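What follows is a set of notes on a single structure, which appears directly below.
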Amino acid sequence: MVLFADDTPLMFKINRRELDFDEGNNSLAKVIQWFEKCIKFTLLNVKHVKTTLLLNNEELNLVDTPVFLGITLHAKLQWGPHVNNLWNRLSSAAYAVKKIRHMTDVETARLVYFSYFHSIMSYGILLWGNAADIDTIFELQNRAVRAIYTMGPRESLRDKLKDVKSQ
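No gaps in the numbering here: position 153 of the sequence shown is 153 in this note's numbering, and each next residue is one more.
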């Protein structure tokens with residue numbers, strides 16, 4: 001699959017001798033299934049009303065938490081599902097920073113932090129940055145910064161966080 005602007009072409013390499021179109025048919029079925037999903041946004045205090053959307057006389061599948069451009073949306077306009085997904089990804093990134101720091105110096109660990117952890121954390125932060133449960137993300141950031149500088153849990157991070165945020 002190649003994505004460009006609003007076009008989504010599928011390309012397959014098929015051996016002429018083995019005219020096996022199963023891979024192409026399976027991929028096409030998955031793409032059709034993906035594009036048949038939709039989301040209906042509602043506010044928390046609004047009563048739920050059953051809605052049916054049709055496309056070519058077929059009912060569309062309403063989903064509660066689709067991923068759009070890497071951001072997990074929620075039908076009730078909450079950021080909890082996105083923060084949970086983000087926490088899982090950032091936990092792996094913080095672990096990578098910690099493991100790299102055991103094998104290398106501070107500068108290499110900082111490079112891994114900025115290229116891996118910080119890039120994931122900062123993507124879309126203008127949208128989800130005011131989420132109620134964002135503290136879990138900052139705890140992971142503290143864990144990653146402590147790993148860079150091999151700091152203990154009781155040492156102050158104030159100067160190190162300023163150093164990391166100034167980059």
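Ideal Cβ positions, reconstructed from N, Cα and C, are used throughout, including at glycine.
This structure is a prediction, so every number in the text was calculated from the model and none was measured.
Nearest to GLY70 by CA position, among LEU86, ASN56, ASP159 and GLU59, is which residue? LEU86
Report yes if the C-beta distance between ARG101 and ILE137 is below 8 Å; otherwise report no. no
If you compare alpha carbons, which of MET103, GLN141 and THR104 is closest to SER119? GLN141
Would you mind working out which of VAL164, LYS50 and ASN26 sits nearest LEU111, comparing C-alpha positions? The alpha carbon of LEU111 has as its nearest neighbour, out of VAL164, LYS50 and ASN26, the alpha carbon of VAL164.
Give the DSSP-derived three-state secondary structure of ASN88 in the structure shown. helix
Count the other CB atoms, across all protein chains shown, that sit within 10 Å of the CB of VAL106; report buried if there are 16 or more and exposed otherwise. Result: exposed.
Rounded Cβ spacing between VAL97 and ALA144 (contact assumed at less than 8 Å): 5 Å
Going by DSSP in three states, VAL63 sits in which element: helix, strand or coil? coil
Between GLY80, ASP64 and PRO153, which lies nearest to THR42 when the distance is taken from Cα to Cα? ASP64
Pull the bridge partners of THR72 from the DSSP assignment, please. VAL67
Could you give the C-beta distance for TYR116 and ALA93, rounded to a whole number, given that I count them as a contact under 8 Å? 5 Å
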